[in-house]
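See below for the structure under consideration.
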Amino acid sequence: MKTWFLILGWSLSILTMTGNGFIICLVCNKRRLRTKTNAFIVSLAVADFCVGMSAFPLLYVCNKATMCNHLHILVSIVRNFFAYASVTNLCSLVLDRYIAVVKPLKYLAFMSRRRVIQMVLFSWVIPAAIITIYTLEIFLFKVLLFFRILMWLITIFFEFLPSAMLIFFFVSMLRVVIKQNRTARSLKRQLSFNHRVSFKTQEKSSIVMMAIVISVFLVCYGFYLRCSIFVIFSDRYKFCPDLEYKISLLMLNSAINPLAYSFFKRDINKEIRRSVFCYSA
(Lines of atoms letter the chains of each structure in order from A and count residues from 1; the text may use other names and numbers.)
(Lines give C-alpha, C1' and ligand atoms only; values in the text may rest on other atoms or scores of the structure.)
Protein backbone atom coordinates (compact mmCIF):
# COMPACT_ATOMS: atom_id res chain seq x y z
CA MET A 1 0.00 0.00 0.00
CA LYS A 2 1.45 3.35 -1.07
CA THR A 3 2.35 5.91 1.61
CA TRP A 4 0.20 8.71 0.17
CA PHE A 5 -2.81 6.39 0.02
CA LEU A 6 -2.19 5.22 3.58
CA ILE A 7 -2.14 8.79 4.94
CA LEU A 8 -5.03 10.02 2.77
CA GLY A 9 -7.10 6.90 3.44
CA TRP A 10 -6.93 7.15 7.23
CA SER A 11 -7.45 10.93 7.14
CA LEU A 12 -10.59 10.67 5.00
CA SER A 13 -11.89 7.72 7.02
CA ILE A 14 -11.59 9.64 10.29
CA LEU A 15 -13.08 12.79 8.74
CA THR A 16 -15.98 10.85 7.22
CA MET A 17 -16.85 8.98 10.41
CA THR A 18 -16.46 12.07 12.60
CA GLY A 19 -18.54 14.37 10.38
CA ASN A 20 -21.37 11.94 9.70
CA GLY A 21 -21.36 10.66 13.29
CA PHE A 22 -21.76 14.25 14.47
CA ILE A 23 -24.72 14.84 12.12
CA ILE A 24 -26.41 11.60 13.27
CA CYS A 25 -26.00 12.46 16.97
CA LEU A 26 -27.08 16.08 16.45
CA VAL A 27 -30.31 15.27 14.61
CA CYS A 28 -31.21 12.37 16.91
CA ASN A 29 -30.61 14.37 20.11
CA LYS A 30 -32.31 17.62 19.04
CA ARG A 31 -36.08 17.34 18.83
CA ARG A 32 -36.30 20.45 16.63
CA LEU A 33 -34.26 18.69 13.93
CA ARG A 34 -36.50 15.63 13.67
CA THR A 35 -38.10 16.62 10.38
CA LYS A 36 -38.92 14.67 7.24
CA THR A 37 -35.99 16.04 5.27
CA ASN A 38 -33.59 15.39 8.14
CA ALA A 39 -34.77 11.76 8.24
CA PHE A 40 -33.27 11.37 4.76
CA ILE A 41 -30.14 13.23 5.88
CA VAL A 42 -29.67 10.89 8.86
CA SER A 43 -30.15 7.82 6.67
CA LEU A 44 -27.59 9.18 4.18
CA ALA A 45 -25.23 10.05 7.05
CA VAL A 46 -25.47 6.46 8.34
CA ALA A 47 -24.58 5.14 4.88
CA ASP A 48 -21.68 7.62 4.57
CA PHE A 49 -20.47 6.76 8.09
CA CYS A 50 -20.38 3.08 7.09
CA VAL A 51 -18.48 4.01 3.91
CA GLY A 52 -15.84 5.71 6.05
CA MET A 53 -15.75 2.73 8.40
CA SER A 54 -15.45 0.09 5.66
CA ALA A 55 -13.89 1.53 2.47
CA PHE A 56 -10.30 2.03 3.62
CA PRO A 57 -10.05 0.34 7.06
CA LEU A 58 -11.23 -3.04 5.74
CA LEU A 59 -8.86 -2.78 2.78
CA TYR A 60 -6.01 -1.97 5.18
CA VAL A 61 -6.85 -5.01 7.35
CA CYS A 62 -7.11 -7.17 4.24
CA ASN A 63 -3.64 -6.13 3.05
CA LYS A 64 -2.19 -6.93 6.47
CA ALA A 65 -3.87 -10.35 6.62
CA THR A 66 -2.89 -13.55 4.88
CA MET A 67 -5.12 -14.97 2.11
CA CYS A 68 -6.04 -11.42 1.09
CA ASN A 69 -7.08 -12.56 -2.40
CA HIS A 70 -10.17 -14.23 -0.94
CA LEU A 71 -10.87 -11.48 1.58
CA HIS A 72 -10.51 -8.83 -1.12
CA ILE A 73 -13.79 -9.95 -2.73
CA LEU A 74 -15.67 -9.74 0.59
CA VAL A 75 -14.15 -6.32 1.32
CA SER A 76 -15.25 -5.13 -2.12
CA ILE A 77 -18.79 -6.46 -1.54
CA VAL A 78 -19.14 -4.66 1.82
CA ARG A 79 -17.70 -1.43 0.38
CA ASN A 80 -20.02 -1.53 -2.63
CA PHE A 81 -23.09 -2.18 -0.49
CA PHE A 82 -22.55 0.95 1.60
CA ALA A 83 -21.52 2.96 -1.48
CA TYR A 84 -24.73 2.03 -3.32
CA ALA A 85 -26.78 2.62 -0.15
CA SER A 86 -25.28 6.10 -0.11
CA VAL A 87 -26.39 6.55 -3.75
CA THR A 88 -30.00 5.49 -3.12
CA ASN A 89 -30.23 7.59 0.05
CA LEU A 90 -28.86 10.64 -1.78
CA CYS A 91 -31.45 10.15 -4.54
CA SER A 92 -34.20 10.00 -1.90
CA LEU A 93 -32.93 13.19 -0.26
CA VAL A 94 -32.73 15.10 -3.56
CA LEU A 95 -36.17 13.79 -4.59
CA ASP A 96 -37.55 15.16 -1.32
CA ARG A 97 -36.00 18.61 -2.01
CA TYR A 98 -37.13 18.46 -5.65
CA ILE A 99 -40.78 17.98 -4.69
CA ALA A 100 -40.54 20.65 -1.96
CA VAL A 101 -39.11 23.23 -4.39
CA VAL A 102 -40.79 22.38 -7.69
CA LYS A 103 -44.19 21.18 -6.38
CA PRO A 104 -44.56 22.81 -2.94
CA LEU A 105 -48.36 22.53 -2.87
CA LYS A 106 -48.20 18.74 -3.31
CA TYR A 107 -45.28 18.24 -0.90
CA LEU A 108 -47.20 17.91 2.37
CA ALA A 109 -49.75 15.53 0.87
CA PHE A 110 -47.16 13.39 -0.89
CA MET A 111 -44.34 13.35 1.68
CA SER A 112 -46.24 11.84 4.59
CA ARG A 113 -44.49 10.17 7.53
CA ARG A 114 -45.33 6.76 6.08
CA ARG A 115 -43.92 7.74 2.68
CA VAL A 116 -40.68 8.92 4.28
CA ILE A 117 -40.28 5.60 6.13
CA GLN A 118 -40.97 3.67 2.90
CA MET A 119 -38.42 5.68 0.93
CA VAL A 120 -35.73 5.25 3.60
CA LEU A 121 -36.39 1.49 3.79
CA PHE A 122 -36.25 1.12 0.00
CA SER A 123 -32.99 3.09 -0.01
CA TRP A 124 -31.44 0.26 2.03
CA VAL A 125 -33.39 -2.75 0.77
CA ILE A 126 -32.65 -2.20 -2.94
CA PRO A 127 -28.82 -2.14 -2.64
CA ALA A 128 -28.99 -5.01 -0.11
CA ALA A 129 -30.96 -7.15 -2.59
CA ILE A 130 -28.62 -6.37 -5.49
CA ILE A 131 -25.48 -7.01 -3.43
CA THR A 132 -26.97 -10.31 -2.17
CA ILE A 133 -27.54 -11.47 -5.75
CA TYR A 134 -24.01 -10.28 -6.66
CA THR A 135 -22.53 -12.25 -3.75
CA LEU A 136 -24.45 -15.42 -4.66
CA GLU A 137 -23.25 -15.15 -8.27
CA ILE A 138 -19.60 -14.83 -7.25
CA PHE A 139 -19.52 -17.62 -4.68
CA LEU A 140 -22.31 -19.95 -5.83
CA PHE A 141 -23.58 -19.55 -9.41
CA LYS A 142 -20.32 -18.52 -11.14
CA VAL A 143 -21.96 -17.94 -14.53
CA LEU A 144 -19.96 -15.45 -16.61
CA LEU A 145 -22.93 -14.26 -18.71
CA PHE A 146 -25.04 -13.66 -15.58
CA PHE A 147 -22.13 -11.79 -13.99
CA ARG A 148 -21.81 -9.45 -16.96
CA ILE A 149 -25.59 -8.81 -17.06
CA LEU A 150 -25.58 -8.11 -13.32
CA MET A 151 -22.65 -5.71 -13.66
CA TRP A 152 -24.46 -3.86 -16.45
CA LEU A 153 -27.58 -3.56 -14.26
CA ILE A 154 -25.53 -2.28 -11.32
CA THR A 155 -23.70 0.21 -13.53
CA ILE A 156 -26.93 1.53 -15.05
CA PHE A 157 -29.13 1.67 -11.94
CA PHE A 158 -26.56 2.68 -9.31
CA GLU A 159 -24.15 4.84 -11.28
CA PHE A 160 -25.43 6.16 -14.62
CA LEU A 161 -29.16 6.56 -13.88
CA PRO A 162 -28.69 8.25 -10.46
CA SER A 163 -26.25 10.72 -12.02
CA ALA A 164 -28.76 11.61 -14.74
CA MET A 165 -31.61 11.88 -12.20
CA LEU A 166 -29.62 14.13 -9.86
CA ILE A 167 -28.67 16.46 -12.73
CA PHE A 168 -32.32 16.65 -13.85
CA PHE A 169 -33.59 17.32 -10.30
CA PHE A 170 -30.96 20.00 -9.66
CA VAL A 171 -31.55 21.81 -12.97
CA SER A 172 -35.31 21.77 -12.35
CA MET A 173 -34.87 23.19 -8.83
CA LEU A 174 -32.44 25.81 -10.07
CA ARG A 175 -34.89 27.00 -12.74
CA VAL A 176 -37.66 27.36 -10.15
CA VAL A 177 -35.43 29.31 -7.75
CA ILE A 178 -34.22 31.62 -10.55
CA LYS A 179 -37.83 32.24 -11.55
CA GLN A 180 -38.73 32.98 -7.92
CA ASN A 181 -35.82 35.41 -7.66
CA ARG A 182 -36.95 37.27 -10.79
CA THR A 183 -40.52 37.48 -9.51
CA ALA A 184 -39.30 38.71 -6.11
CA ARG A 185 -37.09 41.40 -7.69
CA SER A 186 -39.94 42.55 -9.93
CA LEU A 187 -42.29 42.77 -6.95
CA LYS A 188 -39.65 44.58 -4.93
CA ARG A 189 -39.27 47.23 -7.66
CA GLN A 190 -43.04 47.74 -7.72
CA LEU A 191 -43.33 48.12 -3.95
CA SER A 192 -40.11 49.98 -3.21
CA PHE A 193 -41.45 53.22 -4.68
CA ASN A 194 -43.12 54.04 -1.35
CA HIS A 195 -41.66 51.49 1.04
CA ARG A 196 -38.34 49.81 1.65
CA VAL A 197 -38.87 46.12 0.92
CA SER A 198 -36.57 43.15 1.41
CA PHE A 199 -37.10 39.70 -0.11
CA LYS A 200 -35.18 36.54 0.60
CA THR A 201 -35.51 33.29 -1.35
CA GLN A 202 -36.27 30.52 1.11
CA GLU A 203 -34.80 27.68 -0.94
CA LYS A 204 -31.47 29.31 -1.83
CA SER A 205 -29.54 27.48 0.90
CA SER A 206 -31.06 24.16 -0.18
CA ILE A 207 -29.93 24.78 -3.74
CA VAL A 208 -26.37 25.59 -2.62
CA MET A 209 -26.29 22.46 -0.46
CA MET A 210 -27.60 20.29 -3.31
CA ALA A 211 -25.11 21.85 -5.75
CA ILE A 212 -22.14 20.91 -3.55
CA VAL A 213 -23.38 17.40 -2.74
CA ILE A 214 -24.36 16.56 -6.33
CA SER A 215 -21.15 18.01 -7.86
CA VAL A 216 -18.91 15.92 -5.60
CA PHE A 217 -21.12 12.89 -6.24
CA LEU A 218 -20.80 13.26 -10.02
CA VAL A 219 -17.00 13.49 -9.83
CA CYS A 220 -16.80 10.45 -7.57
CA TYR A 221 -19.23 8.22 -9.42
CA GLY A 222 -17.96 9.30 -12.81
CA PHE A 223 -14.76 7.54 -11.79
CA TYR A 224 -16.83 4.67 -10.36
CA LEU A 225 -18.60 4.34 -13.73
CA ARG A 226 -15.25 4.15 -15.50
CA CYS A 227 -14.11 1.37 -13.17
CA SER A 228 -17.36 -0.58 -13.61
CA ILE A 229 -17.05 -0.52 -17.39
CA PHE A 230 -13.46 -1.75 -17.00
CA VAL A 231 -14.67 -4.69 -14.86
CA ILE A 232 -17.46 -5.57 -17.30
CA PHE A 233 -15.09 -5.89 -20.27
CA SER A 234 -12.31 -7.67 -18.38
CA ASP A 235 -11.99 -10.96 -16.56
CA ARG A 236 -14.76 -11.62 -14.07
CA TYR A 237 -12.75 -11.04 -10.89
CA LYS A 238 -10.34 -8.43 -12.19
CA PHE A 239 -10.58 -5.22 -10.16
CA CYS A 240 -10.17 -1.64 -11.32
CA PRO A 241 -6.44 -0.81 -11.54
CA ASP A 242 -7.03 2.66 -10.04
CA LEU A 243 -8.51 1.32 -6.81
CA GLU A 244 -6.66 3.87 -4.65
CA TYR A 245 -8.23 6.81 -6.50
CA LYS A 246 -11.64 5.15 -6.55
CA ILE A 247 -11.68 4.60 -2.78
CA SER A 248 -10.27 8.07 -2.07
CA LEU A 249 -12.99 9.74 -4.15
CA LEU A 250 -15.66 7.54 -2.57
CA MET A 251 -14.63 8.61 0.94
CA LEU A 252 -14.24 12.25 -0.15
CA ASN A 253 -17.84 12.16 -1.38
CA SER A 254 -19.01 10.82 1.99
CA ALA A 255 -16.84 13.32 3.91
CA ILE A 256 -18.13 16.39 2.03
CA ASN A 257 -21.82 15.67 2.70
CA PRO A 258 -21.88 16.51 6.45
CA LEU A 259 -19.91 19.69 5.79
CA ALA A 260 -22.54 20.75 3.25
CA TYR A 261 -25.35 20.10 5.76
CA SER A 262 -23.51 21.99 8.52
CA PHE A 263 -22.97 25.15 6.45
CA PHE A 264 -26.00 25.26 4.13
CA LYS A 265 -28.84 23.30 5.82
CA ARG A 266 -30.42 26.17 7.70
CA ASP A 267 -31.87 24.32 10.72
CA ILE A 268 -28.74 22.19 11.23
CA ASN A 269 -26.48 25.24 10.92
CA LYS A 270 -28.64 27.14 13.40
CA GLU A 271 -28.53 24.27 15.89
CA ILE A 272 -24.75 23.96 15.56
CA ARG A 273 -24.37 27.70 16.20
CA ARG A 274 -26.66 27.49 19.22
CA SER A 275 -24.70 24.52 20.62
CA VAL A 276 -21.34 26.25 20.09
CA PHE A 277 -22.65 29.46 21.68
CA CYS A 278 -24.00 27.58 24.73
CA TYR A 279 -20.73 25.67 25.07
CA SER A 280 -18.68 28.89 24.86
CA ALA A 281 -20.90 30.61 27.41
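For the record, in the sequence shown the residue sitting at position 152 is 348 according to the numbering used here, with numbers rising by one throughout. We put the CB at the ideal spot given by N, CA and C, even for glycine.
Asked                                                                                                                      : Found
Where the alpha helix (DSSP H) containing SER458 begins and where it ends                                                  : 439 to 460
The alpha helix (DSSP H) enclosing ARG228, as first and last residue numbers                                               : Segment: none, ARG228 is in no alpha helix (DSSP H) and carries neither H nor E.
CA nearest to the CA of VAL297, picked from TYR457, ALA456, SER458, VAL372                                                 : VAL372
Alpha carbon of TYR294 to alpha carbon of CYS258, nearest angstrom                                                         : 41 Å
SER250 and PHE278 closer than 7 Å at C-beta                                                                                : yes
Proximal residues to LEU428 (C-beta, below 8 Å), its chain only, five neighbours per side dropped                          : Sequence check: residue 428 is Ile here, not Leu. The residues are ARG344, MET347, TRP348, THR351.
MET369, DSSP secondary structure in three states                                                                           : helix
ASP292 versus ILE425, THR231, ILE203, LEU255, residue with shortest Cα-Cα distance                                         : THR231
As assigned by DSSP and simplified to three states, the class of PHE429                                                    : coil
Whole-angstrom distance between ILE452 and MET369, CA atom to CA atom                                                      : 21 Å
Burial state of ARG275 (16 or more Cβ within 10 Å)                                                                         : buried
For VAL339, three-class secondary structure by DSSP                                                                        : coil
Closest by C-alpha distance to LYS260, when choosing among PHE366, CYS246, LEU332, LEU202                                  : LEU202
Cut-off 7 Å between Cβ atoms - residues of its own chain near VAL247, not counting five sequence neighbours on either side : THR212, PHE278, ALA279, SER282, LEU446, MET447, SER450
Helix, strand or coil at LYS302 [DSSP, three-state]                                                                        : helix
Buried/exposed call for VAL321, threshold 16 Cβ in 10 Å                                                                    : exposed
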